[in-house]
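Residue numbering for the sequence shown follows full-length UniProt numbering, starting at 1 and increasing by one per position. Single-structure report; data block below.
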Amino acid sequence: MSVKKICCIGAGYVGGPTCSVIAYKCPELQVTVVDVNPQRIAQWNSDELPIFEPSLDEVVKSCRGRNLFFSTDVDQAILEAELIFISVNTPTKNYGLGKGRAADLKFVESCARRIAEIAKSSKIVVEKSTVPVKAAESITNILKANVKPGIKYQVLSNPEFLAEGTAIGDLLNPDRVLIGGEQTSEGQEAVSALGWVYQHWVPREKIITMNTWSSELSKLAANAFLAQRISSINAMSAICEVTGADVSEVAHAIGTDSRIGNKFLKASIGFGGSCFQKDVLNLVYLCECLNLPEVAAYWQKVVDINDYQRRRFSNQIIQRLFNTVTSKTIAILGFAFKKDTGDTRESSAIYICQHLLEEGAHINIYDPKVKKEQILKDLSSRPEIFDSPDRLNELVTICPDAYTAAADSHALVICTEWDEFANLDYKKIYSHMLKPAFVFDGRLILDHNSLLDLGFHVEVIGKRLTRDISRVVRTPAAGST
Ligand code: NAD
Ligand code: UDX
Numbered sequence: 001m002s003v004k005k006i007c008c009i010g011a012g013y014v015g016g017p018t019c020s021v022i023a024y025k026c027p028e029l030q031v032t033v034v035d036v037n038p039q040r041i042a043q044w045n046s047d048e049l050p051i052f053e054p055s056l057d058e059v060v061k062s063c064r065g066r067n068l069f070f071s072t073d074v075d076q077a078i079l080e081a082e083l084i085f086i087s088v089n090t091p092t093k094n095y096g097l098g099k100g101r102a103a104d105l106k107f108v109e110s111c112a113r114r115i116a117e118i119a120k121s122s123k124i125v126v127e128k129s130t131v132p133v134k135a136a137e138s139i140t141n142i143l144k145a146n147v148k149p150g151i152k153y154q155v156l157s158n159p160e161f162l163a164e165g166t167a168i169g170d171l172l173n174p175d176r177v178l179i180g181g182e183q184t185s186e187g188q189e190a191v192s193a194l195g196w197v198y199q200h201w202v203p204r205e206k207i208i209t210m211n212t213w214s215s216e217l218s219k220l221a222a223n224a225f226l227a228q229r230i231s232s233i234n235a236m237s238a239i240c241e242v243t244g245a246d247v248s249e250v251a252h253a254i255g256t257d258s259r260i261g262n263k264f265l266k267a268s269i270g271f272g273g274s275c276f277q278k279d280v281l282n283l284v285y286l287c288e289c290l291n292l293p294e295v296a297a298y299w300q301k302v303v304d305i306n307d308y309q310r311r312r313f314s315n316q317i318i319q320r321l322f323n324t325v326t327s328k329t330i331a332i333l334g335f336a337f338k339k340d341t342g343d344t345r346e347s348s349a350i351y352i353c354q355h356l357l358e359e360g361a362h363i364n365i366y367d368p369k370v371k372k373e374q375i376l377k378d379l380s381s382r383p384e385i386f387d388s389p390d391r392l393n394e395l396v397t398i399c400p401d402a403y404t405a406a407a408d409s410h411a412l413v414i415c416t417e418w419d420e421f422a423n424l425d426y427k428k429i430y431s432h433m434l435k436p437a438f439v440f441d442g443r444l445i446l447d448h449n450s451l452l453d454l455g456f457h458v459e460v461i462g463k464r465l466t467r468d469i470s471r472v473v474r475t476p477a478a479g480s481t
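See below:
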């Protein structure tokens, strides 16, 4: 089947950037991204895109209205396209069977049903969303049970590996593109048709094809391995803090082993983002359903250590602030789950702020890209913390910059590794903070020795600096008050 028109259902963090890059690299293809959310589509059609992603603006603006369209007319786009990406959200189920672990496939299923209802010609349906193994089989079953005469469907698995903050670079230059399909001649034809789209810019040897189930499982496996690396280095960070070892040195030492490699070994306040926790839990649930409890328990620990790391960090803040943060002011720098994105889904900052709010702390939050409404919405996800409706606004202040957040605070906490936080004027910040002034670097991005010289009491993940508060009090920064 030759592909001329592509439809992508789901204009989110994956559908939007992925299809923008396809349109950018394949000018002869018409790409229409559709969504049930009219506000999101209006934003994609405006000057302010719904997501912040470096270089996304340029890519969208170069092809929007030419061969890239954003629309709420899902049915029309399905009708016209030969190839349809399903790129809708697959969140962790928060109800019923598998609650808290299984992926909720209701949005994927409703796309399959819509395609079956609307289509008047054969389609290649591509599962771009991250799904449990055998989801493609369910989509196939729904499509085939509702098939109209003369129409044929092929369902492919084509998981997405982009990371937020680097999505455009990842899409333009992927490590690999994975396509899973049925091992039949029709299945292989569909695989070739999708492969041809990617070959416009991805070298053929980077396009890996395999059976559908391997492809589906490979996506969960990749995210589980990546998340496991972070939990492993974070577990090491706890040992470092007690023993006096330095987690960055340990990471460097093990990372130079070519079998281990040096990426994804940065200790932190725990991984966030919409994928890692969801996909590991999805894998845990899959293992339980397959009656593999030991395997399920193994992967569950990756999430447990992540929760532990977040709690450990907030407990450390409370302990160092003389075992109480009640009514103290804490400046939180960064709320996004990583730098270069405005996304806060599962951000560790949410959990750390909630732990501190539970203790009655006042928190001043600054993030360069996250909007005030989003921060307040995220923090109110646990209403039991606040004993009255006004309490959230009483305890939380969203600040326009890092200096305002830090003024008159007892402690400064780095939650996201935004570049600008490494280049702040910490002498100025110190002079406007209450003393002793504490810095908690949860991302290992600051120059800790300079901060100590300025008079800060510095605590970092995975490294013991100074526990001696008297040193801080005796050596204030020159010129500070
Ligand atoms: P998202 O929530 O940003 O976007 C999903 C969009 O789908 C939403 O705008 C929603 O309105 C729309 N939608 C839901 N049901 C629909 C329907 N029936 N018809 C039309 N639109 C519908 O989600 P996302 O972050 O883009 O993730 C999408 C999928 O890709 C998930 O399975 C996720 O696990 C996977 N994934 C995400 C990332 C990432 O970095 N965010 C990376 C790789 C894979
Ligand atoms: C991840 C996968 O990397 C990507 O391939 C997949 O498609 C979607 O999920 P993403 O969640 O966008 O991407 O970002 P990623 O760079 O993986 O970071 C996830 C979290 O791990 C962030 O909170 C980040 O700060 C944290 N992290 C990452 C660490 O704590 N240490 C590291 O060494 C790397």
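Just so you know, even glycine gets a beta-carbon here, dropped at the ideal spot from N, CA and C. Here the structure is a predicted model, which is why all the values come from computation and not from measurement.
Do the CB positions of residue i and residue j come within less than 8 angstroms of each other?
i	j	result
residue 269	residue 251	no
residue 84	residue 36	no
residue 376	residue 353	no
residue 168	residue 59	yes
residue 482	residue 413	With the chain covering 1 to 481 only, the question about residue 482 has no answer from this structure.
residue 178	residue 170	no
residue 487	residue 241	In this structure the chain extends from 1 to 481, so residue 487 is not present and cannot be described.
residue 158	residue 123	no
residue 430	residue 446	no
residue 78	residue 109	no
residue 164	residue 10	no
residue 197	residue 209	no
residue 321	residue 438	yes
residue 219	residue 130	yes
residue 56	residue 27	no
residue 444	residue 410	no
residue 282	residue 135	no
residue 119	residue 86	no
residue 217	residue 133	yes
residue 70	residue 41	yes
residue 23	residue 68	yes
residue 372	residue 398	yes
Could you tell me which residues DSSP puts in a beta bridge with residue i?
i	result
residue 270	In DSSP, residue 270 forms no bridge with anything.
residue 411	330, 438
residue 83	6, 124
residue 92	103
residue 210	180
residue 362	329
residue 398	365
residue 284	Paired residue(s): none; residue 284 is not in a bridge.
residue 153	123
Got a sec? Which residues, its chain only, sit under 6 angstroms from residue i by beta carbon, not counting five neighbours each side?
i	result
residue 19	8, 31, 33
residue 464	241, 244
residue 357	385, 395
Leaving out the 5 sequence neighbours to the left and right, which residues in its chain are closer than 8 angstroms to residue i when beta-carbon positions are compared?
i	result
residue 370	335, 336, 342, 344
residue 226	264, 276
residue 481	Note on residue 481: pLDDT 33, under 50, position unreliable in the model; no value is reported.
residue 93	99, 100, 101, 102, 103, 104
residue 73	34
Between residue i and the ligand UDX, is there a pair consisting of the residue's CB and a ligand heavy atom that are separated by less than 7 angstroms?
i	result
residue 369	no
residue 301	no
residue 338	yes
residue 260	no
residue 160	yes
residue 264	yes
residue 173	no
residue 223	yes
residue 235	no
residue 164	yes
residue 444	no
residue 272	yes
Leaving out five residues before and five after residue i in sequence, what residues of the same chain have Cβ atoms less than 7 angstroms from its Cβ?
i	result
residue 386	392
residue 295	287
residue 442	268, 269, 313, 413, 414, 415, 461
residue 406	331, 412, 429, 432, 433
Is any heavy atom in the ligand NAD found nearer than 7 angstroms to the beta carbon of residue i?
i	result
residue 13	yes
residue 126	no
residue 482	With the chain covering 1 to 481 only, the question about residue 482 has no answer from this structure.
residue 408	no
residue 310	no
residue 10	yes
Is there a Cβ of chain D sitting closer than 8 angstroms to that of residue i, yes or no?
i	result
residue 255	The chain labelled as chain D is not found in the depicted structure, where only one protein chain is given.
Q) Between the segment 172–185 and the segment 196–216, do three or more beta carbon pairs fall short of 8 angstroms? A) With the cut-off at 8 angstroms, the segment 172–185 and the segment 196–216 touch.
(Q) Can you confirm whether the segment 254–267 touches the segment 224–233 when touching is taken to mean that 3 or more C-beta pairs between the two stretches lie within less than 8 angstroms? (A) With a cut-off of 8 angstroms, the segment 254–267 and the segment 224–233 count as touching, because enough Cβ pairs lie within range.
Q) Counting Cβ pairs, one atom from each stretch, are 3 or more of them under 8 angstroms apart for the segment 102–116 and the segment 131–150? A) Enough Cβ pairs lie closer than 8 angstroms, so yes.
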